[in-house]
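Have a look at the structure below, then the notes.
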Amino acid sequence: MENSSLKMNLLRSQHWVFDLDGTLTVAIHDFAQIRSVLGVPEGRDILGHLDALPEPQAATAKALLVSIEEELAARTEPAEGARELVQLLHLRGARLGVLTRNTREIALTTLGRIGLSPFIAADDVLGRDDALAKPDPDGILKLACRWGVSPAALVMVGDYAFDLLTGRAAGAGTIHVDPARSFRWPELSDIAVGSLAELALALS
Numbered sequence: 001m002e003n004s005s006l007k008m009n010l011l012r013s014q015h016w017v018f019d020l021d022g023t024l025t026v027a028i029h030d031f032a033q034i035r036s037v038l039g040v041p042e043g044r045d046i047l048g049h050l051d052a053l054p055e056p057q058a059a060t061a062k063a064l065l066v067s068i069e070e071e072l073a074a075r076t077e078p079a080e081g082a083r084e085l086v087q088l089l090h091l092r093g094a095r096l097g098v099l100t101r102n103t104r105e106i107a108l109t110t111l112g113r114i115g116l117s118p119f120i121a122a123d124d125v126l127g128r129d130d131a132l133a134k135p136d137p138d139g140i141l142k143l144a145c146r147w148g149v150s151p152a153a154l155v156m157v158g159d160y161a162f163d164l165l166t167g168r169a170a171g172a173g174t175i176h177v178d179p180a181r182s183f184r185w186p187e188l189s190d191i192a193v194g195s196l197a198e199l200a201l202a203l204s
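See the structure below:
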């Protein structure tokens with residue numbers, strides 16, 4: 001990790017937004033399989049495809065998606081360094097939020113399972129029914145408004161392009177977490193780390 005002035009300023013931020021699945025948790029979603037079960041063509045955005053379906057087909061498919069997500073949430077585990085990083089930021093008095101394409105209810109269940117509920121206020125967890133889905137910046141803009149700061153004061157942390165695009169669109173800082181260290185989107189990332197443990201070390 002480089003130690004430029006911009007990166008150091010981001011690390012001092014008091015307003016952090018995290019993606020959930022694959023960022024705060026170990027990635028276990030098989031999106032190819034999920035698309036197959038839901039009948040979503042390869043390469044298509046799952047939520048976008050379901051939203052475009054006619055009723056009641058859309059309602060049936062969305063209910064099936066929720067059941068898949070609930071099953072995954074029941075066996076999720078915290079990502080390496082997730083608890084240490086979140087606890088460290090909490091001790092520093094930082095505001096912490098979660099922005100996920102999952103439902104808010106499942107996100108809250110997941111946070112409880114991985115031991116992070118005490119550090120992230122339930123009202124600061126936004127799911128796909130609370131804000132326009134990433135990569136739209138709506139969720140970050142809503143959290144910035146709730147916290148009474150400019151979107152530029154926020155840092156978006158995620159493992160996928162949608163997370164980084166969301167941060168960029170909102171004018172927030174972006175941190176890409178990639179355990180494979182392939183870092184596929186350098187143009188969208190202000191900081192790139194292999195794990196949240198590495199990020200916590202940079203903050204300590």
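For the sequence shown, the UniProt record's numbering begins at 1 and goes up steadily by one. Virtual Cβ for every residue (Gly too), placed ideally from N, Cα, C.
- Along the length of the stretch 128–184, whole alpha helix (DSSP H) runs at least 4 residues long occupy 138–147 and 161–170, reported in chain order.
- Just so you know, the alpha carbons of ALA32 and LEU11 end up roughly 35 Å apart.
- In this structure, the CA atom of ALA197 is about 7 Å from the CA atom of ALA82.
- If one requires a minimum length of 4 residues, the alpha helix (DSSP H) runs lying completely within the stretch 49–101 are 57–73 and 82–91, in chain order.
- Taken atom to atom, the span from the alpha-carbon of LEU143 to that of ASP30 is near 29 Å.
- Counting C-beta pairs closer than 8 Å gives three or more between the stretch 18–30 and the stretch 98–109, which meets the contact rule.
- For VAL37, the enclosing alpha helix (DSSP H) stretches over residues 31–38.
- Using a Cβ distance threshold of 7 Å, GLN14 and ALA63 do not count as a contacting pair.
- In this structure ASN9 is exposed. Its beta-carbon is surrounded by fewer than 16 other beta-carbon atoms within 10 angstroms.
- Across the set GLU42, GLU55 and LEU85, the C-alpha of LEU85 shows the shortest separation from the C-alpha of ALA202.
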